[in-house]
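Have a look at the structure below, then the notes.
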Amino acid sequence: MIQELNTNYGHLFEAALLSEINQVGTFKEIPEGFKIMEIGEYVKAMPLLVSGAIKILREDNDGDELLLYFLEKGDTCAMTLACCIGQTKSEIRAIAETDTKIIMVPIQKMEEWSAKYKSWRNYVFESYHTRLNEMLDTIDSIAFLKMDERLIKYLKEKRRISKDNTIRNTHQEIAYELHTSRVVISRLLKKLENLNKIELHRNHIVIKDI
């Protein structure tokens, strides 16, 4: 685990902090699609991403989901941090977008390291700032972008995260994450295909020119 820590967090944390994380952290390999955290669960550890990507989702009263943002290598989740500090239940769902490697840090270390290591405090504050900006971006997209623009933005982000032009999501899954109906997504995807922007297949979408 120390090699993964040095590679991904060596530029952020002091050697002494890296050593402590190595001692108390738990290394996990998470397969694509695995649910890492569920809404309503108490958070007992904070994830540090070593590789891969995790999508963070919210759920409304009807059980419909909305994609908030993705976590990538070197990230942690501000929502998780807030739950750790307040010892409250999780308000988000976290699912591995790709095969992912994480280091789980016990929440008991949060306050101790914040007092002990300046680099940890900076990392936590920067994480809050980054995630807040991403959530504001999500709110702006919902408020100001038309659904076809949101869909194109979503496909671009999925391509960037996976580093693959092939998007392996069903129309229904895309609709869930964009908080709309499958009929709307199917119609907009067909429009993009007619414009030669994408290719539609039974179980995947190939991005050509967006």
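Quick note on our numbering: the sequence shown kicks off at 872 and runs consecutively. Each residue gets a CB set at the ideal place from its N, CA and C atoms; glycine is no exception.
Cβ neighbour criterion (16 or more within 10 Å) applied to Tyr913: exposed
The segment 945–953 touching the segment 888–895, judged by at least three CB pairs closer than 8 Å: no
Would you identify the three-state DSSP class for Arg1039, choosing helix, strand or coil? coil
Pairs of beta-carbons, one from the segment 997–1008 and one from the segment 935–950, closer than 8 Å: are there three or more? yes
DSSP state of Thr1113, grouped into three classes? In the structure as shown, the chain starts at 872 and stops at 1081, and residue 1113 therefore has no counterpart that could be examined.
On a Cα-Cα basis, can you pick out the residue from Gly934, His1042 and Ala924 that is closest to Cys944? In the sequence as displayed, the identity of residue 944 is Lys instead of Cys. The residue with the shortest Cα to Cα distance from Lys944 is Ala924.
Among Ile1056, Asp933, Ile1032 and Ser961, nearest to Met917 - alpha-carbon criterion: Ser961
Leaving out five residues on either side along the sequence, give the residues of the same chain with a beta carbon under 8 Å from the beta carbon of Asn1090. A query on residue 1090 cannot be resolved here, the shown segment of the chain reaching from 872 to 1081 and no further.
Nearest-angstrom beta carbon gap, Asp1011 and Leu1059 [assumed within contact, 8 Å]: Rounded to whole angstroms, the Cβ separation of Leu1059 and Asp1011 is 19 Å, and the two are not in contact under 8 Å.
Have a look at Asp1080 and Lys1068 and give me their C-alpha separation to the nearest angstrom. 5 Å
Once the 5 residues before and after Leu1063 are set aside, which same chain residues still bring their CB inside 6 Å of it? Excluding residues within five positions, the ones whose Cβ falls inside 6 Å are Ile1069.
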